[in-house]
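Some notes on the structure that comes next.
There are 2 protein chains.
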Amino acid sequence: MYENVSLTKKLIISKAIDILNEDGIDKLSMRVIASKLNVSATSIYWHFKNKDELLLYISEYICQQINCNATKEFCEELLIDLIVQYRLVLKSIRDSVKIMQITPPITPSRQEIIRTINKLIINLGVKEKDVFISSTLINNYVLSFVSDEKNFCFENVDESETLFRDLGIVNNDLDLEVEFMKGLKIILNGIKLSI
Amino acid sequence: MYENVSLTKKLIISKAIDILNEDGIDKLSMRVIASKLNVSATSIYWHFKNKDELLLYISEYICQQINCNATKEFCEELLIDLIVQYRLVLKSIRDSVKIMQITPPITPSRQEIIRTINKLIINLGVKEKDVFISSTLINNYVLSFVSDEKNFCFENVDESETLFRDLGIVNNDLDLEVEFMKGLKIILNGIKLSI
DNA sequence: ACCTGAACACCGTTCAAGT
DNA sequence: ACCTGAACACCGTTCAAGT
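Listed in order, the protein sequences are those of chains A and B.
Quick note: the numbering used here has the first sequence finishing at residue 202, numbered continuously throughout.
Quick note: the numbering used here has the second sequence finishing at residue 202, numbered continuously throughout.
So this is what it looks like as structure tokens:
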């Protein structure tokens, strides 16, 4: 249903990703996608039921960029690698987090990511009853961190500094790579402590 | 600027909140707000520069419902109380999380919440260099948990069960109050461990 | 100071009609 | 099977004009 898409479905999704990267989600309209494909706006509706379905396929495309093959082995490193990769993929496509936020997690590759995280934390020793919250915690951490990252990287540096000062954050030249790993370690340490 | 709003500003914000609670964010248009106030759509533009500014004031209204007075004392209980209250306020206004997501954290009451969390985690013993990530972690946890909560409470129970099964979650009658506290404890334990 | 109507440039979506 | 144009019911926003 999601994997064997026709050429035209692929083309529409691909063009949508282009528009996302070039102009952002606000410019991602059925009409704009169609016009960039030199096609009538209404013809997209033969391939997708509506815009929501197209957005679902876009979320699936994003998640397909993440490699979950490492399911067989089991160690904390593997989980960290997956999460790091997750963040990099989300960063590589403009407004990808917004797509994930307005779209339900019902797409195969997206569910594969969640299930892989579940497996890896079970291998870490997390009890079955704590899998839900641990998995949710990790998943939402990645999404919200990447979402925030955009806000902390202003073209205008002054704006960023002002915001940090207002929020009472003294260190205004944060290394976001370091901060991301710190946050991930905090969650993983918290999870391991609750085992 | 945000606190001493005129009567009409208050009325517009109040009506916007009503529409949010009754019909959700998709129905929150300048035209609908205006018509429910028996006023021309364009007259809102005398009170607010544009829709983004109105949304900013709505986010400020939401955050004003959260009481941050407990800044003087210092213990973990106080932080937990604030976070619990934060969640309840977000739950009490439909699509409040979406408002927070599309709106920057530049509003006084919203910044007050973040600054209060910062203070409380500093009192917990968190080093200054770790305040940013710890605060971000807690803030985003509340927002994303409440956002997810809506998705896990379908009218259709079957739909919820199917989703849980697809995600490999066995226990499908989760107590979200319990899960929320578990997640919060995981984060706080992780933070305390990194002190 | 505050509100109006008309207008502009957009949306998502439906549907009868074409090939 | 696939695409079109016309049309419907919406958007946010501007602006000259009213009181």
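Positions of the beta carbon are idealized from the N, C-alpha and C atoms, including for glycine.
Being a predicted model, the structure only gives us computed values, none of them experimental.
To the nearest angstrom, how far is it from the Cα of residue i to the Cα of residue j?
i: residue 57/B; j: residue 73/B; result: 26 angstroms
i: residue 85/B; j: residue 61/B; result: 32 angstroms
i: residue 110/A; j: residue 64/A; result: 10 angstroms
i: residue 125/A; j: residue 148/A; result: 15 angstroms
i: residue 93/A; j: residue 122/B; result: 30 angstroms
i: residue 35/B; j: residue 23/B; result: 7 angstroms
i: residue 41/B; j: residue 49/B; result: 8 angstroms
i: residue 82/B; j: residue 152/A; result: 27 angstroms
i: residue 176/A; j: residue 71/B; result: 22 angstroms
i: residue 116/B; j: residue 27/A; result: 33 angstroms
i: residue 158/A; j: residue 30/A; result: 17 angstroms
i: residue 112/B; j: residue 156/A; result: 13 angstroms
i: residue 184/A; j: residue 88/A; result: 13 angstroms
i: residue 39/B; j: residue 59/A; result: 23 angstroms
i: residue 16/A; j: residue 76/A; result: 26 angstroms
i: residue 129/B; j: residue 144/B; result: 14 angstroms
i: residue 11/A; j: residue 43/A; result: Model confidence at residue 11/A stands at a pLDDT of 42, short of 50, so the residue's coordinates are unreliable and nothing is read from them.
i: residue 167/B; j: residue 168/A; result: 43 angstroms
i: residue 197/A; j: residue 45/B; result: 53 angstroms
i: residue 154/B; j: residue 199/B; result: 26 angstroms
i: residue 69/B; j: residue 97/B; result: 7 angstroms
i: residue 138/B; j: residue 19/A; result: 44 angstroms
i: residue 114/A; j: residue 170/B; result: 10 angstroms
i: residue 173/B; j: residue 133/B; result: 39 angstroms
i: residue 107/B; j: residue 150/B; result: 8 angstroms
Helix, strand or coil, according to DSSP, for residue i in the structure here?
i: residue 199/B; result: helix
i: residue 153/B; result: helix
i: residue 112/A; result: coil
i: residue 177/B; result: coil
i: residue 213/A; result: One cannot answer for residue 213/A here, as it falls past the ends of chain A, which runs 8 to 202.
i: residue 73/B; result: coil
i: residue 182/B; result: coil
i: residue 55/B; result: coil
i: residue 193/A; result: helix
i: residue 22/B; result: helix
i: residue 46/B; result: coil
- Item | Residues in the region 110-129 of chain A having any Cβ partner in chain B nearer than 8 angstroms | 111, 112, 113, 118, 121, 122, 125, 126
- Between the region 98-118 of chain A and the region 45-55 of chain A, do three or more beta carbon pairs fall short of 8 angstroms? no
- Message: If contact is defined by three or more beta carbon pairs under 8 angstroms, each pair taking one atom from either stretch, is the region 188-197 of chain A in contact with the region 171-189 of chain B?
- Response: no
- Cβ-based contacts, 8 angstroms cut-off: residues of the region 47-59 of chain B near chain A: none
- Query: In the region 166-178 of chain A, which residues sit with their C-beta less than 8 angstroms from some C-beta in chain B, listed in chain order?
  - Reply: 170, 173, 174, 175, 176, 177, 178
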